[in-house]
Amino acid sequence: MDWGIAGTGKIAHKFLDTIEKMEGERIVAVGSRRKESAEAFISPRPGITAHGSYSDLFRDQRVEAVYIAVPNTLHYALIKEALENGKHVLSEKPMTLSPLEMSELYRLAEERGVMLMEGYWVWFLPMAEKLRKIKERIGRIEKITLTYGFVSEGERRRRKLSPSLGGGAIYDIGIYNLGIPEMLGLTEPEVLESKVRRNELGSDEYSFTVLRYKEGAVVETTNAIGEDIPRVCTIQGEKGAINIPDFQNLTSFTLETGSTHEEFSSPFLINGFEYEIESFSEEAKKGRTHSSLFTPSHSINISTIIDNIVSYWRREGL
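FYI, in the numbering used here the residues of the sequence shown are 2 to 319.
1) Under a Cβ-count criterion, where at least 16 other Cβ atoms within 10 Å of its own Cβ denotes burial, should residue 165 be classed as buried or exposed?
2) So, are the CB atoms of residue 81 and residue 64 less than 8 Å apart?
3) Assuming residue 327 contacts residue 78 (C-beta within less than 8 Å), just tell me the rounded distance between them.
4) Between which two residues does the alpha helix (DSSP H) harbouring residue 284 extend?
5) Taking the beta strand (DSSP E) that residue 207 belongs to, which residues open and close that run?
6) Could you check whether residue 190 and residue 28 sit closer than 8 Å to each other, using their CB atoms as the reference points?
7) Using only the alpha-carbon positions, how far apart do residue 188 and residue 272 sit?
8) Threshold first: 4 residues or longer. Then list the alpha helix (DSSP H) segments lying entirely within the segment 164 to 208, N to C.
9) Can you list, in chain order, the stretches of the beta strand (DSSP E) that have 3 or more residues and sit fully within the segment 125 to 164?
10) May I ask you to check if the CB of residue 55 is nearer than 7 Å to at least one heavy atom of the ligand NAD?
11) CA-CA distance, residue 25 and residue 239?
12) Nearest to residue 205 by CA position, among 158, 247, 232 and 280, is which residue?
13) Under DSSP, the alpha helix (DSSP H) around residue 315 begins and ends at which residues?
14) Residues in the same chain with beta-carbon distance under 8 Å from residue 20, minus the five sequence neighbours each way, listed in chain order, please.
15) On the criterion of 16 or more Cβ atoms from any shown chain inside 10 Å, does residue 41 qualify as buried, or is it exposed?
16) Might you give, ordered along the chain, the residues of its own chain that have their beta carbon closer than 6 Å to the beta carbon of residue 308, omitting 5 neighbours on each side?
17) Quick one: Cα of residue 210 to Cα of residue 37, how far?
18) With distances taken from CA atoms, which of 91, 181 and 44 is nearest residue 2?
19) Would you mind stating whether residue 252 and residue 269 have Cβ atoms separated by less than 8 Å?
20) Just the Cα atoms here: how many angstroms apart are residue 146 and residue 244?
21) So who's on the other strand from residue 8, going by DSSP bridges?
22) Go ahead and pull the three-state DSSP assignment for residue 231.
23) Can you have a look at residue 133 and say buried or exposed, based on whether 16 or more other CB atoms are within 10 angstroms of its CB?
24) Return yes when the Cβ of residue 226 is within less than 8 Å of the Cβ of residue 173, no when it is not.
25) Indicate the three-state DSSP secondary structure (helix, strand or coil) for residue 68 in the structure shown.
26) On the DSSP bridge assignment, give the partners of residue 19 in chain order.
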């Protein structure tokens, strides 16, 4: 598939590097608000067009699919414009800052007959599929604990945390934590309690939230930008437990059932992005308008949970 990239930041570079190592996929154009940025991004790669606006990128007839890699607040408008120009769209997470806007975009993609997917790349990893299959061995899930925090400084910190860019830890990395219960089939969580610490910009730099899902499982989730907290997940069931040492880069986990200890692992072929790209391309070529693996319902469910947590903070004056 012939791709265009909207944006020239760090994640756009990772996407470009991934595509260049894949067969059947190639980058044909890049768009930025300044043509100089687009030109610098593709240098020294001949054959890739640098566009000085996102609109020019979306009108490029060579581009079949677009990867949206811009600040969060720009996602909705750019995804909508790309869809209206008949492009398949893979968007960086969060696809939007509102589940209602997300639903609108999925409907638009269906109307236009093009593919739209949120880039929760962990969902497509081989070990994610293994996790979904192995969960039955621990019986009913009783509790999940997830922690994830990293340190970001300088301009990257400002971009990650600036409210005007849709920043904050819950929007930036909340999908990784909250995606695991969704991946395991848990539904309709209620926010039991949540604590948040805000930074000098006004967004959340740390939060701890307790959720109770319809099936009875309790989920404790910690998100932070500014603190280095291991990306650890423990899934406790009535018959055993699953321990994931790094659930954002889900390449391994252990299963404990009674006196049995089993280890499972599968390294990335490239960097992990390749699996979602491959799945996206295959489904788009089949004429589908959304992923059959990470469906619109999954995407909207996670967005709704994040929205409910943020609403809880507002109600509690946090």
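C-beta atoms are modelled at their ideal positions from N, C-alpha and C, and glycine is treated no differently.
In this text, all values refer to a predicted model and were calculated from it rather than measured experimentally.
This is what the structure gives:
1) Locating residue 165 in the sequence shown gives position 164, counting from the first residue. Flag for residue 165 reads exposed.
2) Taking the first residue of the sequence shown as 1, we reach residue 81 at position 80. Taking the first residue of the sequence shown as 1, we reach residue 64 at position 63. In this structure, residue 64 does not lie closer than 8 Å to residue 81 by Cβ.
3) No statement about residue 327 is possible, as the shown extent of the chain runs from 2 to 319 and does not include it.
4) For the purposes of this step, residue 284 is taken as the residue at position 283 of the sequence shown. Element bounds for residue 284: 274 to 286.
5) Here residue 207 corresponds to residue number 206 of the sequence shown, with the count starting at 1. Residues 205 to 213.
6) What you label residue 28 is simply residue 27 of the sequence shown in a count that begins at 1. What you label residue 190 is simply residue 189 of the sequence shown in a count that begins at 1. For residue 28 and residue 190, no; Cβs fall outside 8 Å.
7) Translated into positions along the sequence shown, residue 188 becomes position 187. Translated into positions along the sequence shown, residue 272 becomes position 271. Going by the C-alpha atoms only, they are around 30 Å apart.
8) 170 to 184
9) 142 to 151
10) Looking at this structure, you won't find the ligand NAD or any other ligand, since it has none at all.
11) Against the sequence shown, residue 25 aligns to sequence position 24. Against the sequence shown, residue 239 aligns to sequence position 238. The alpha-carbon atoms of residue 25 and residue 239 are separated by roughly 45 Å.
12) Working through the sequence shown from its first residue, we reach residue 205 at position 204. Considering only alpha carbons, the answer is 158.
13) Here the question's residue 315 lines up with position 314 in the sequence shown. Start and end: 297 to 316.
14) As a position in the sequence shown, residue 20 is number 19, starting the count at 1. Here the set comprises 4, 26, 27, 28 and 278.
15) Sequence index remark: in the sequence shown, residue 41 carries index 40 (1-based). Answer is exposed; the Cβ neighbour count stays below 16.
16) Taking the sequence shown and counting its residues from 1, the one referred to as residue 308 is at position 307. Same-chain partners within the cutoff: 100.
17) Here residue 210 is taken as the residue at index 209 of the sequence shown, counted from 1. Here residue 37 is taken as the residue at index 36 of the sequence shown, counted from 1. Roughly 43 Å separates the two Cα atoms.
18) For the purposes of this step, residue 2 is taken as the residue at position 1 of the sequence shown. The option with the nearest alpha carbon to residue 2 is 91.
19) Position 251 of the sequence shown, counted from the start, is the residue given in the question as residue 252. Position 268 of the sequence shown, counted from the start, is the residue given in the question as residue 269. Going by C-beta atoms, residue 252 is nearer than 8 Å to residue 269.
20) Along the sequence shown, one-based indexing puts residue 146 at 145. Along the sequence shown, one-based indexing puts residue 244 at 243. C-alpha separation (whole angstroms): 10 Å.
21) Here residue 8 refers to the residue found at position 7 of the sequence shown. DSSP output for residue 8 lists no bridge partner at all.
22) As a position in the sequence shown, residue 231 is number 230, starting the count at 1. Note: residue 231 maps to strand in three-state DSSP.
23) Residue numbering aside, residue 133 sits at position 132 when the sequence shown is read from its first letter. So residue 133 counts as exposed.
24) Here residue 173 refers to the residue found at position 172 of the sequence shown. Here residue 226 refers to the residue found at position 225 of the sequence shown. Yes, these two residues count as a Cβ contact at 8 Å.
25) Mapped onto the sequence shown, residue 68 falls at position 67. Three-state DSSP puts residue 68 in a strand.
26) Counted from its first residue, the sequence shown places residue 19 at position 18. Answer is none; residue 19 lacks a bridge partner.
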